[in-house]
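Number of protein chains: 2
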Amino acid sequence: MPETIPEDALDLVDEPNIGVVVTIMEDGMPQPTPVWIDRDGGEIVFNTAKGRVKHRNMLRDKRVALSVLDPENPYRYLQVRGTVAMTDDPDNAGIHAMARKYLGTDYPWLREGEERVNVRLTPTDVQYAPPRG
Amino acid sequence: MPETIPEDALDLVDEPNIGVVVTIMEDGMPQPTPVWIDRDGGEIVFNTAKGRVKHRNMLRDKRVALSVLDPENPYRYLQVRGTVAMTDDPDNAGIHAMARKYLGTDYPWLREGEERVNVRLTPTDVQYAPPRG
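Just so you know, the protein sequences line up as chains E and X, in that order.
Sequential numbering of the first sequence, starting at 29, is according to my numbering.
Sequential numbering of the second sequence, starting at 29, is according to my numbering.
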């Protein structure tokens, strides 16, 4: 069942912080990679390209974990585990919106033939460590 | 077989950056948590306490992934996957050394009866993304 990200942790997702998303390799090994993240209500969204390792991993296993550290205080961090749903991003609206959040411009690094994918992570387990003094 | 962390990525481990270590839950789900990290030659060391989720996970499955982002440039990051060996830290020398690196003092948060463990991660797969302009 879905779990809720606490109110006082939402800024970690809403600010342009880099998250570490962890997908699962075929042999069960975790594969962490940095990603831009955003939020749609209680769900985390991110974007990737077809054919990348994490995309192939998520096609095989929908379970994903995400970690976000507060850059000002790394003892304040959010961990979200859950399952993902992927949809095509044929006009690149998803990756451009993400780039505007992080870069202030449309995504400048699209490659010829690259096909982007919107990923939506529904939390099933949320852990939040508030600041430690 | 062990893999080597590139020379120009070593500062990410040598500086007091927070790493995200990912262990594997019993059901295969990745469990990312922030950790203090250090280096012994080509191996990554960190420290945890007996009974914590990540300790229990590593007792069951020695495979661990680690991600370190450059706080000045999160597009510069190091990913290390490998296997861990754990040894007791009965006099807390390991956690105190780690605290001196990160806090400049001995570890101040030991709890009554807490038993610490030194963890050594031998890389089997290393990925390093140099700065992106």
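Think of the CB as a built atom: it goes at the ideal place given N, C-alpha and C, for glycine as much as any other residue.
8 Å Cβ cut-off: residues of chain E touching residue i
| i | result |
| --- | --- |
| Val48(X) | Val48, Pro60, Ser95, Leu97 |
| Pro241(X) | Outside the displayed range of chain X (29 to 161) lies residue 241(X), so it cannot be described from this structure. |
Beta-carbon gap between residue i and residue j smaller than 8 Å
| i | j | result |
| --- | --- | --- |
| Asp117(E) | Asn85(E) | no |
| Pro62(E) | Val41(E) | no |
| Arg148(E) | Val73(E) | yes |
| Ile46(E) | Pro102(X) | yes |
| Ile33(E) | Asp89(E) | no |
| Gln107(E) | Ala93(E) | yes |
| Val154(E) | Glu71(E) | no |
| Gly56(E) | Gly56(X) | yes |
| Tyr130(E) | Asn120(E) | no |
Buried or exposed by the 16-neighbour rule on C-beta atoms within 10 Å, applied to residue i
| i | result |
| --- | --- |
| Arg144(X) | buried |
| Trp137(X) | exposed |
| Asn75(E) | buried |
| Lys82(X) | buried |
| Arg109(X) | buried |
| Thr133(E) | exposed |
| Gly122(E) | buried |
| Pro159(E) | exposed |
| Ala113(X) | exposed |
| Arg104(X) | buried |
| Pro151(E) | buried |
| Pro60(E) | buried |
| Arg91(X) | buried |
| Pro58(X) | buried |
| Leu97(E) | buried |
Reduced DSSP category for residue i - H, G, I as helix; E, B as strand; rest coil
| i | result |
| --- | --- |
| Asp66(E) | strand |
| Asp117(E) | coil |
| Asn85(X) | helix |
| Tyr4(E) | No answer is possible for residue 4(E): it lies beyond the span of chain E, which begins at 29 and ends at 161. |
| Leu149(X) | strand |
| Leu94(X) | strand |
| Ile123(E) | helix |
| Leu131(X) | coil |
| Leu40(E) | helix |
| Glu35(X) | helix |
| Glu71(X) | strand |
| Arg104(E) | strand |
| Pro60(E) | strand |
| Gly141(X) | coil |
| Gly79(E) | coil |
Residues that residue i contacts on chain E, provided the C-beta gap is smaller than 7 Å
| i | result |
| --- | --- |
| Tyr105(X) | Pro62 |
Per-residue contacts from residue i into chain E (C-beta, under 9 Å)
| i | result |
| --- | --- |
| Ile52(X) | Ile52, Gly56, Met57, Pro58 |
*For the stretch 105 to 130 of chain E, which residues have a CB atom closer than 9 Å to at least one CB atom of chain X, in sequence order?*
Contacts with chain X (Cβ-Cβ distance below 9 Å) from the stretch 105 to 130 of chain E involve Tyr105, Gln107, Arg109, listed in chain order.
By the 9 Å beta-carbon criterion, what residues does the stretch 133 to 144 of chain E contribute toward chain X?
Trp137
Where the stretch 60 to 92 of chain X meets chain E: residues whose CB sits under 9 Å from a CB there: Pro60, Thr61, Pro62, Asp89, Arg91, Val92
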